[in-house]
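Structure record follows, encoded as structure tokens.
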Amino acid sequence: MSAHGAPKPMTARASGPLQGEAHVPGDKSISHRALIFGAMAVGETNISGLLEGQDVLDTAKAMQSFGATVENLGDGNWRVHGVGTGGFAEPDHVIDCGNSGTGVRLIMGAVATCPISVTFTGDASLNSRPMARVTDPLALFGTRAVGRAGGRLPLTLVGAQNPVPVRYTTPVPSAQVKSAVLLAGLNTPGETVVIEKEATRDHTERMLAGFGAQISTEETDEGHVITLKGQPELKPQTIVVPRDPSSAAFPVCAALITPGSDVLVPNIGLNPTRAGLFTTLKEMGADLTYENLREEGGEPVADLRARYSPAMQGIDVPPARAASMIDEYPVLSVVAANATGTTRMTGVKELRVKESDRIDAMARGLRGNGVTVRDGEDWWEVDGMGAGKVPGGFTCETFLDHRIAMSFLCLGLSTQAPVTVDDAGPIATSFPIFMDLMRQLGATLE
Numbered sequence: 001m002s003a004h005g006a007p008k009p010m011t012a013r014a015s016g017p018l019q020g021e022a023h024v025p026g027d028k029s030i031s032h033r034a035l036i037f038g039a040m041a042v043g044e045t046n047i048s049g050l051l052e053g054q055d056v057l058d059t060a061k062a063m064q065s066f067g068a069t070v071e072n073l074g075d076g077n078w079r080v081h082g083v084g085t086g087g088f089a090e091p092d093h094v095i096d097c098g099n100s101g102t103g104v105r106l107i108m109g110a111v112a113t114c115p116i117s118v119t120f121t122g123d124a125s126l127n128s129r130p131m132a133r134v135t136d137p138l139a140l141f142g143t144r145a146v147g148r149a150g151g152r153l154p155l156t157l158v159g160a161q162n163p164v165p166v167r168y169t170t171p172v173p174s175a176q177v178k179s180a181v182l183l184a185g186l187n188t189p190g191e192t193v194v195i196e197k198e199a200t201r202d203h204t205e206r207m208l209a210g211f212g213a214q215i216s217t218e219e220t221d222e223g224h225v226i227t228l229k230g231q232p233e234l235k236p237q238t239i240v241v242p243r244d245p246s247s248a249a250f251p252v253c254a255a256l257i258t259p260g261s262d263v264l265v266p267n268i269g270l271n272p273t274r275a276g277l278f279t280t281l282k283e284m285g286a287d288l289t290y291e292n293l294r295e296e297g298g299e300p301v302a303d304l305r306a307r308y309s310p311a312m313q314g315i316d317v318p319p320a321r322a323a324s325m326i327d328e329y330p331v332l333s334v335v336a337a338n339a340t341g342t343t344r345m346t347g348v349k350e351l352r353v354k355e356s357d358r359i360d361a362m363a364r365g366l367r368g369n370g371v372t373v374r375d376g377e378d379w380w381e382v383d384g385m386g387a388g389k390v391p392g393g394f395t396c397e398t399f400l401d402h403r404i405a406m407s408f409l410c411l412g413l414s415t416q417a418p419v420t421v422d423d424a425g426p427i428a429t430s431f432p433i434f435m436d437l438m439r440q441l442g443a444t445l446e
């Protein structure tokens, strides 16, 4: 069953060369944050290039439920009139975050120190995901979570009446957990401190600074230390959302494994905490180049050109890189299957608790298509078969996971027999134009 209706099977077949420009949607991580911070500012924030996938639209609806004015002006342009830090009103209905782990965890942080109660739910996939990793640190502020065992949705968050600042060390690298704590710290007196042993994507820190919050980061013996001064008056901003590197990963990787391909993906955000996949692909020997490097809205941006790369080699991906490419491992495993030699990925246990167990989902599908995969709790290995040598011919289960669906559809563009996914419906949560974009490049999806 799809996240948003009946299953929608789809098949990918070997294609001619992928050619042209791939204009992927706006960055999902930045889109969520732009709406939430705009709702917490005093005055009018204007956003262009917003990703209009279902995940982000669910966050927009949530901000409206808390009293912010959120307007869709068309063509990716949105206007948010915020209610100020701590100004959220108690909603009169359950907040449904659909499929979005990012959305629900950030929103939980934003409401945790407001004197309101909010009930959250989602689709079957989101309701199976662990939320204690967020609700446990939020409890340190004085917030209470009431709901199912294991902290799973549906649950009700009772905001702290008199929040106290916290000093919190994240047990695993997670930008969602870090961001939830920082968002809770906005409506808390004093300084809230988050310590990471490994730095994760820093969109929250960059954007908070842009909205006028007093926030600093430093490297110490404890790790990466972020300090936020509470109760600022956030100033409304004009935000240009760069295009999503996680979405760009699919046309880029498809081009690398499809003979004769040459694809340009313009205006991609290259925040160093997000660009680990592209570094890894280059190390494997991919013909991947950055053109027109520049900076927009405090974020590094470039145009990416990807060409067919039949001589790629398997590598050991360093575990320290995992946080910068955690969402891209599924499609990396597709590239690895088309390389020569073994690609080993370690430090990746976070993949076990995403929209699906992504290691298990990809391992099952790759094995069904003739690829040898070995995996453990925190690692997996893919034995590459060489360019164009993956047999294919298998129907892959997607487990309501958009990235699993897109990864296997990319695989099918270069396999000897077609590859089918049982449900392409969840792709709309993050990349609603995926099928049209890939077909325009020359992909055979049906």
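Position 12 of the sequence shown, counted from 1, bears residue number 12 in full-length UniProt numbering, the numbering being contiguous throughout. No residue lacks a Cβ here, since even glycine has one placed at the ideal position from N, Cα and C.
Cβ-Cβ distances below 8 angstroms link A89 to F66, G67, V83, I116 in the same chain, with the five nearest sequence neighbours on each side left out; the list follows chain order.
Taken through DSSP and simplified to helix, strand or coil, T273 comes out as coil. The stretch 399–410 makes contact with the stretch 424–434: 3 or more CB pairs, one atom from each, lie closer than 8 angstroms. DSSP lists T340 as the bridge partner or partners of M385. Considering only R167, L411, G53, the residue with the shortest C-alpha distance to V225 is R167. Per DSSP, the unbroken alpha helix (DSSP H) holding A132 starts and ends at 132–139. If you draw a straight line from the Cα of D383 to the Cα of G16, it is about 25 angstroms long. Non-local beta-carbon contacts of T121 in its own chain, meaning distances under 7 angstroms to residues more than five positions away in sequence, involve V94, D96, N127, L153, P154 in chain order. Membership of M108 in the alpha helix (DSSP H) is indicated by the continuous run 101–111. In this structure, the alpha-carbon of K28 lies about 8 angstroms from that of L50. For V181, there is no enclosing beta strand (DSSP E); the residue is found in the alpha helix (DSSP H) stretching over 175–186. Our two residues, V334 and E291, have alpha carbons roughly 25 angstroms apart in a direct line.
Straight through space, the alpha carbons of G210 and E296 are spaced by roughly 12 angstroms. Around the beta carbon of T238, fewer than 16 other beta carbons sit within 10 angstroms, so the residue counts as exposed. Contact between L441 and P251 holds, since their C-beta atoms are separated by about 6 angstroms, short of 8 angstroms. Counting only runs of at least 4 residues, the stretch 368–429 fully encloses the following alpha helix (DSSP H) elements, listed from N- to C-terminal order: 402–411. By the criterion of a C-beta distance shorter than 7 angstroms, D375 is surrounded in its chain by I359, A363, once the five residues flanking it on both sides are discounted. As a beta-bridge residue in DSSP terms, R13 pairs with T444. Here DSSP, grouped into helix, strand and coil, assigns N162 to coil. Less than 9 angstroms divides the Cβ of A254 from the Cβ of L18.
The residues S125, T398, F399, L400, D401, I404, in chain order, have a CB closer than 8 angstroms to that of S356 in the same chain once the five nearest residues on each side in sequence are set aside.
C-alpha of E191 to C-alpha of A306: approximately 45 angstroms in a straight line. A302 and A248 have their C-alpha atoms roughly 12 angstroms apart. The alpha-carbon of S309 is positioned some 36 angstroms away from that of G103.
By the CB criterion at 9 angstroms, L445 and A12 fall inside the cutoff.
Its chain contains L445 as the residues whose beta carbon lies nearer than 6 angstroms to that of M435, once the 5 sequence neighbours on both sides are disregarded; these appear in chain order.
Classified as exposed, S216 has fewer than 16 neighbouring CB atoms from the shown chains inside 10 Å of its CB. Straight across, the Cα-Cα distance linking A132 with K8 is about 32 angstroms. Taken through DSSP and simplified to helix, strand or coil, V301 comes out as strand.
Here DSSP, grouped into helix, strand and coil, assigns S31 to helix.
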